[in-house]
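A.B. asks: Residue numbers (the UniProt record's numbering), protein chains in the order written: chain A, 1 to 417; chain B, 1 to 417. For every residue, glycine included, the Cβ atom is placed at its ideal position computed from N, Cα and C.
There are 2 protein chains.
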Amino acid sequence: MSAGTLNRASAFVDEQRLAERLAAMARIGATEKGGVNRQALSQEDAAAQLLLVGWGEALGLAPSVDAVGNLFLRLEGADANAAPVLSGSHLDTQPTGGRFDGVYGVLAAFEAVEAIIASGRRPRAPIDIVAWMNEEGSRFAPGMMGSAVFAGARELSTVLAVADAQGTTVASALADVRGRLRDVPGRAAGERAAAFVEAHIEQGPQLEKEGLTIGVVTGIQGKRTFKVRVDGEAAHAGTSTRAERRDALLAAIAMVQALADALHDAEDIVKFTVGRFDVQPSAPSVVPSAVDFSIDLRHPDSQLLQALGDKVRPICEAHAGVCAVQVTELSTAMSLDFPAPMRTRIRDAAARLDLPHRDILSTAGHDARYLHGVCPTGMIFVPSHRGLTHCEAEFTSSADLADGARVLADVLQELAL
Amino acid sequence: MSAGTLNRASAFVDEQRLAERLAAMARIGATEKGGVNRQALSQEDAAAQLLLVGWGEALGLAPSVDAVGNLFLRLEGADANAAPVLSGSHLDTQPTGGRFDGVYGVLAAFEAVEAIIASGRRPRAPIDIVAWMNEEGSRFAPGMMGSAVFAGARELSTVLAVADAQGTTVASALADVRGRLRDVPGRAAGERAAAFVEAHIEQGPQLEKEGLTIGVVTGIQGKRTFKVRVDGEAAHAGTSTRAERRDALLAAIAMVQALADALHDAEDIVKFTVGRFDVQPSAPSVVPSAVDFSIDLRHPDSQLLQALGDKVRPICEAHAGVCAVQVTELSTAMSLDFPAPMRTRIRDAAARLDLPHRDILSTAGHDARYLHGVCPTGMIFVPSHRGLTHCEAEFTSSADLADGARVLADVLQELAL
Numbered sequence: 001m002s003a004g005t006l007n008r009a010s011a012f013v014d015e016q017r018l019a020e021r022l023a024a025m026a027r028i029g030a031t032e033k034g035g036v037n038r039q040a041l042s043q044e045d046a047a048a049q050l051l052l053v054g055w056g057e058a059l060g061l062a063p064s065v066d067a068v069g070n071l072f073l074r075l076e077g078a079d080a081n082a083a084p085v086l087s088g089s090h091l092d093t094q095p096t097g098g099r100f101d102g103v104y105g106v107l108a109a110f111e112a113v114e115a116i117i118a119s120g121r122r123p124r125a126p127i128d129i130v131a132w133m134n135e136e137g138s139r140f141a142p143g144m145m146g147s148a149v150f151a152g153a154r155e156l157s158t159v160l161a162v163a164d165a166q167g168t169t170v171a172s173a174l175a176d177v178r179g180r181l182r183d184v185p186g187r188a189a190g191e192r193a194a195a196f197v198e199a200h201i202e203q204g205p206q207l208e209k210e211g212l213t214i215g216v217v218t219g220i221q222g223k224r225t226f227k228v229r230v231d232g233e234a235a236h237a238g239t240s241t242r243a244e245r246r247d248a249l250l251a252a253i254a255m256v257q258a259l260a261d262a263l264h265d266a267e268d269i270v271k272f273t274v275g276r277f278d279v280q281p282s283a284p285s286v287v288p289s290a291v292d293f294s295i296d297l298r299h300p301d302s303q304l305l306q307a308l309g310d311k312v313r314p315i316c317e318a319h320a321g322v323c324a325v326q327v328t329e330l331s332t333a334m335s336l337d338f339p340a341p342m343r344t345r346i347r348d349a350a351a352r353l354d355l356p357h358r359d360i361l362s363t364a365g366h367d368a369r370y371l372h373g374v375c376p377t378g379m380i381f382v383p384s385h386r387g388l389t390h391c392e393a394e395f396t397s398s399a400d401l402a403d404g405a406r407v408l409a410d411v412l413q414e415l416a417l
Numbered sequence: 001m002s003a004g005t006l007n008r009a010s011a012f013v014d015e016q017r018l019a020e021r022l023a024a025m026a027r028i029g030a031t032e033k034g035g036v037n038r039q040a041l042s043q044e045d046a047a048a049q050l051l052l053v054g055w056g057e058a059l060g061l062a063p064s065v066d067a068v069g070n071l072f073l074r075l076e077g078a079d080a081n082a083a084p085v086l087s088g089s090h091l092d093t094q095p096t097g098g099r100f101d102g103v104y105g106v107l108a109a110f111e112a113v114e115a116i117i118a119s120g121r122r123p124r125a126p127i128d129i130v131a132w133m134n135e136e137g138s139r140f141a142p143g144m145m146g147s148a149v150f151a152g153a154r155e156l157s158t159v160l161a162v163a164d165a166q167g168t169t170v171a172s173a174l175a176d177v178r179g180r181l182r183d184v185p186g187r188a189a190g191e192r193a194a195a196f197v198e199a200h201i202e203q204g205p206q207l208e209k210e211g212l213t214i215g216v217v218t219g220i221q222g223k224r225t226f227k228v229r230v231d232g233e234a235a236h237a238g239t240s241t242r243a244e245r246r247d248a249l250l251a252a253i254a255m256v257q258a259l260a261d262a263l264h265d266a267e268d269i270v271k272f273t274v275g276r277f278d279v280q281p282s283a284p285s286v287v288p289s290a291v292d293f294s295i296d297l298r299h300p301d302s303q304l305l306q307a308l309g310d311k312v313r314p315i316c317e318a319h320a321g322v323c324a325v326q327v328t329e330l331s332t333a334m335s336l337d338f339p340a341p342m343r344t345r346i347r348d349a350a351a352r353l354d355l356p357h358r359d360i361l362s363t364a365g366h367d368a369r370y371l372h373g374v375c376p377t378g379m380i381f382v383p384s385h386r387g388l389t390h391c392e393a394e395f396t397s398s399a400d401l402a403d404g405a406r407v408l409a410d411v412l413q414e415l416a417l
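#1: When the Cα atoms are used, what is the spatial distance from L353/A to V407/A?
#2: Answer with yes or no whether the minimum CB distance from K223/A to chain B is below 8 Å.
#3: What's the call for H319/A, buried or exposed, on a 16-neighbour Cβ count within 10 Å?
#4: For the stretch 334-355 of chain B, enumerate the residues whose C-beta is nearer than 9 Å to any C-beta of chain A, in chain order.
#5: State the start and end residues of the unbroken beta strand (DSSP E) segment that holds G222/B.
#6: In angstroms with no decimal places, state the Cα-to-Cα distance between S2/A and D128/A.
#7: Between the stretch 296-311 of chain A and the stretch 278-288 of chain A, do at least 3 Cβ pairs fall closer than 8 Å?
#8: Which residues, taken in chain order from the stretch 228-247 of chain A, show a beta carbon closer than 8 Å to some beta carbon of chain B?
#9: DSSP on V68/B, reduced to helix/strand/coil?
#10: In chain order, what residues of the same chain lie with their CB nearer than 6 Å to the CB of S331/A, ignoring the 5 residues before and after it?
#11: Measuring straight from C-alpha to C-alpha, what distance separates V327/A and L249/A?
#12: With distance defined between alpha-carbon atoms, name the residue in E244/B, S289/B, I253/B nearest to D268/A.
#13: Identify the continuous alpha helix (DSSP H) that holds L18/B and give its terminal residues.
#14: Mind pulling the chain A residues with CB within less than 8 Å of V197/B?
#15: Taking C-beta pairs closer than 7 Å, name the residues in chain A that residue 421/B reaches, listed in chain order.
#16: Just to confirm the assignment: which complete alpha helix (DSSP H) runs, minimum length 4, are found wholly within the stretch 54-107 of chain B?
#17: Could you tell me whether any Cβ in chain A is nearer than 8 Å to the Cβ of P284/B?
#18: What is the rounded straight-line gap between the Cα of S294/B and the Cα of G137/B?
#19: Using beta carbons (cut-off 8 Å, strictly below), is R298/B in contact with chain A?
#20: I'd like to know if A320/A contacts chain B, where contact means its C-beta is closer than 8 Å to some C-beta of that chain.
#21: Return the residue from the list E76/A, A108/A, I220/A, L71/A that minimises the CA-CA distance to R343/A.
#22: Check whether the Cβ of T169/B lies closer than 8 Å to any Cβ atom in chain A.
#23: From V65/B to G321/B, what does the alpha carbon distance come to, in whole angstroms?
#24: Tell me the rounded alpha-carbon separation between R229/B and L259/B.
#25: For E57/A, which option in V170/A, A148/A, V149/A, V184/A has the closest C-alpha, if you only look at C-alpha atoms?
#26: Contact between the stretch 80-88 of chain A and the stretch 191-211 of chain A is defined here as three or more beta-carbon pairs at a separation below 8 Å; is this criterion met?
#27: Give me the chain A residues within the contact set of residue 458/B, using Cβ-Cβ distance strictly less than 7 Å, ordered along the chain.
#28: Please report the residue range of the alpha helix (DSSP H) in which K209/A lies.
#29: For the stretch 77-100 of chain B, enumerate the residues whose C-beta is nearer than 7 Å to any C-beta of chain A, in chain order.
#30: If D92/B sits next to D45/B, beta carbons under 8 Å apart, how far is it from one beta carbon to the other, in whole angstroms?
#31: Cβ closer than 9 Å: which chain B residues qualify as neighbours of G34/A?
#32: Pair every Cβ in the stretch 15-32 of chain B with every Cβ in the stretch 94-108 of chain B, then say whether three or more of these pairs are closer than 8 Å.
#33: On a CA-only basis, which of L73/A, V325/A, L51/A, V68/A is nearest G60/A? Give me that one, please.
#34: Would a C-beta distance cut-off of 8 Å place Q49/A and A115/A closer than the cut-off?
#35: Just grab the DSSP bridge partners of L326/B for me.
#36: Cα separation between A409/B and E111/B?
What follows is the structure in structure tokens.
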């Protein structure tokens, strides 16, 4: 090999090795129906992190964990002063999640780094494989906690105080996980990042439908999330008349019904979801005293998203009847576009590898949203069978997964040159 | 005292003693807001039963427990062959229940028996104070398990196999409670009952509104209960379009809304309640895959109740949309009238004591429903402040509670003569 020519890292990506690592990770928190339940900062999450650290050490990578629980594995570069190129995603899943959402981005970065090492030329800048803490937000809401704190978009102290349904705080759960990772050194906050690239399954059916292998992600659809608390009064199901009741459930369903009617468009682009709906005291013969429900609202057009989200509070208030309602916005994320140079780099890498590709908008949120605020960021999608995701049936072929890792390997290699 | 004249037991009822026993019971499972959480076959339920057994033994009453966990305290009568007169209610509460629902009926019977002993004449028939197992049905559904099995209306084996939300069966919870009551002898099944009288708070505002002290209960409103299972498919909140979704929550709320509209009358007599509404997987960014909800439907007119209940399945099916729905009827109890002689006996006792009273229908279900099937049965109501019940704010004055016990004491004394 002459100086000046580059052995492209993509040539060293090993489909089998990547598939085996994914299978090993899928065994941690495996569900009966072939999915994965590995919620943020659980014992399963800790076990997945330990497994990753072990693989990294075998490859000579240096692990570190920052204060919010993001896990990094560093391939040192030739220039000790260069800011690192970051690549990764998350290891946590939804309660009945799949085998690819999140973990694929971490292991694709791992495969890319192993391929870069095998390509024989040491990169100038360090490359950090990263597993962001709590992307999903199902145990501790809202999600993307690790990337948000890394990017300075949320306060560490606020995030540490968030509690799950059992009353366990992030701080406490993090201390447990940290205990199991006690041999991994801490990482200082505020380190620069030269760039971030995240590989992910599409979580939609588009690439598969069109027979394409690579999605060059143009940006991320905006999202506003809310929690709604409806307060009524408990009463006996057999004795209290409707006129006397302050039934929190009937008020809450009137709100959800009205929201579903209003937050809807003929083109079916608005995404409106009520995923949680918790009733108190939850007894068959007691009129509900309170309901807490969640709202997840998305639209690729930021202006429209803003307008739709602004309807939530007045609609809830209009349907509260004799109950009280409190609407709290948990997170507001406008739609964003990844920088053109990063998209070009990904598109060119796919083209060089003769992989059929297209530009595509991410309708799901990702940690890349927050990294986009602090460094040039891009995303690579691979197909997702039938678009099924956040469910146990999630599936992507090993060949597609390896192709995504090939594109990622070449892009990371260039970025770290 | 000459033979032939009767020292009425009511003269020996002690308001203070009854209030103190109620306060002692209210400490077992006390909630922060002044209510009680003492669910069936919990550690708190067992503690309440132990306390009752201790009080009974101090009074010379003989405790026994039958196979389904009903607890009896017997005052022996003069005639060893006479069938016992029963009186009592239940010690279990709703999760955020009050200090009177159920336990008052048990302690009113206890106070009545203590007064009968103090009145100096030993009754001919034995009197059994009884605490029926699991009236509320909030932990193990449906409720009134103990009285239903006692009356032969439900199979013991079926009831023992019912599991709570944590998967604990009645059989297993019962074994734990039985362990704490191991010194209490078992009681054979199938014993006769001469009569049953249950004292209870009204659980409605009528007596208080009219300034009355005693309700002579004419009968019990009928009730049909259902569980509904809605199955859809989990999907990603950001990527799946509405057309692609099978959102179990939106289908379920459409059902509940349609049921609320249909099961409603201008006179506000129909009682329709959805007390439980459990969503799977219950994550903010996952489209719900399944919902389980409960329906509690009541009406004093059995024919109308039948007709209204028959609408439940077709309405649910009509609103299932792309989801699947399964409607299961859990219990059917038609409206019933207590026998006139028992009502007369209660009315006369109240009149003799100069207590303002009226006939009243019980819109709530009670263990008396099942006893009505096997022996002459009646119920005595005392006022319930604002009709608040199945909640922590439940309240009845000590004076009213004592007056109810006075009527009960005289009625039991007569029945056991």
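C.D. replies: Per the coordinate set shown:
#1: Here the question's residue 353/A lines up with position 353 in the first sequence. Here the question's residue 407/A lines up with position 407 in the first sequence. Between L353/A and V407/A, the C-alpha separation is close to 8 Å.
#2: Numbered from its first residue, the first sequence carries residue 223/A at position 223. True, the Cβ-Cβ gap to chain B drops below 8 Å.
#3: On the first sequence, position 319 is the one that residue 319/A refers to. H319/A comes out buried.
#4: none
#5: Locating residue 222/B in the second sequence gives position 222, counting from the first residue. Segment 222-231, the beta strand (DSSP E) holding G222/B.
#6: The residue labelled residue 2/A in the question sits at position 2 within the first sequence. The residue labelled residue 128/A in the question sits at position 128 within the first sequence. With a pLDDT of only 42 at S2/A, under the threshold of 50, the placement of this residue in the model should not be trusted; the figure read from the coordinates follows. The straight-line gap from Cα to Cα measures roughly 27 Å.
#7: no
#8: E233, A234, A235, H236, A237, G238, T239, S240, T241, R242, A243, E244, D247
#9: Here residue 68/B corresponds to residue number 68 of the second sequence, with the count starting at 1. Three-state DSSP puts V68/B in coil, outside helix and strand.
#10: On the first sequence, position 331 is the one that residue 331/A refers to. Answer for S331/A: P142, T225, listed in chain order.
#11: The residue you call residue 327/A lines up with position 327 of the first sequence. The residue you call residue 249/A lines up with position 249 of the first sequence. Near 16 Å, if we compare the C-alpha coordinates of L249/A and V327/A.
#12: Position 268 of the first sequence, counted from the first residue, corresponds to residue 268/A. It is E244/B whose Cα lies nearest to the Cα of D268/A.
#13: Against the second sequence, residue 18/B aligns to sequence position 18. 15-26 is the span of the alpha helix (DSSP H), which, as asked, contains L18/B.
#14: The count along the second sequence starts at 1 and reaches residue 197/B at position 197. Residues of chain A passing the Cβ test: none, with the nearest at roughly 20 Å.
#15: This structure leaves residue 421/B out entirely; chain B is present only between 1 and 417.
#16: none
#17: Counted from its first residue, the second sequence places residue 284/B at position 284. Yes, its Cβ sits closer than 8 Å to a Cβ of chain A.
#18: Your numbering for residue 294/B matches position 294 in the second sequence. Your numbering for residue 137/B matches position 137 in the second sequence. Cα to Cα, the separation comes out at about 12 Å.
#19: Numbered from its first residue, the second sequence carries residue 298/B at position 298. It does: the Cβ of R298/B has a partner Cβ on chain A nearer than 8 Å.
#20: Along the first sequence, read from residue 1 onward, the residue named residue 320/A stands at position 320. Chain B, which has no Cβ nearer than 8 Å to the Cβ of A320/A, makes this no.
#21: Taking the first sequence and counting its residues from 1, the one referred to as residue 343/A is at position 343. Checked all of E76/A, A108/A, I220/A, L71/A; the closest Cα to R343/A is I220/A.
#22: Here the question's residue 169/B lines up with position 169 in the second sequence. Not an interface residue.
#23: Counting from 1 along the second sequence, the entry for residue 65/B is found at position 65. Counting from 1 along the second sequence, the entry for residue 321/B is found at position 321. Going by the C-alpha atoms only, they are around 50 Å apart.
#24: Taking the second sequence and counting its residues from 1, the one referred to as residue 229/B is at position 229. Taking the second sequence and counting its residues from 1, the one referred to as residue 259/B is at position 259. Their backbone Cα atoms lie some 15 Å apart in a straight line.
#25: Within the first sequence, numbered from 1, the residue matching residue 57/A stands at position 57. The shortest Cα separation from E57/A among V170/A, A148/A, V149/A, V184/A belongs to V184/A.
#26: yes
#27: This structure cannot speak to residue 458/B, because chain B is shown only from 1 to 417.
#28: Taking the first sequence and counting its residues from 1, the one referred to as residue 209/A is at position 209. First-last of the alpha helix (DSSP H) with K209/A: 206-209.
#29: Q94, P95, T96
#30: As a position in the second sequence, residue 92/B is number 92, starting the count at 1. As a position in the second sequence, residue 45/B is number 45, starting the count at 1. Yes, D92/B and D45/B are in contact; Cβ-Cβ is about 5 Å, under 8 Å.
#31: The residue you call residue 34/A lines up with position 34 of the first sequence. Simply none; closest approach about 13 Å.
#32: yes
#33: Walking along the first sequence from the start, residue 60/A turns up at place 60. Nearest C-alpha to G60/A: L73/A.
#34: Start at 1 with the first residue of the first sequence, and residue 49/A comes out as number 49. Start at 1 with the first residue of the first sequence, and residue 115/A comes out as number 115. Not a contact, by the Cβ cut-off of 8 Å.
#35: Position 326 of the second sequence, counted from the start, is the residue given in the question as residue 326/B. What sits at residue 326/B in the sequence shown is Gln, not Leu. Bridge partners of Q326/B: R229/B.
#36: Within the second sequence, the letter at position 409 stands for residue 409/B. Within the second sequence, the letter at position 111 stands for residue 111/B. Rounded to whole angstroms, A409/B to E111/B spans 8 Å at the Cα level.
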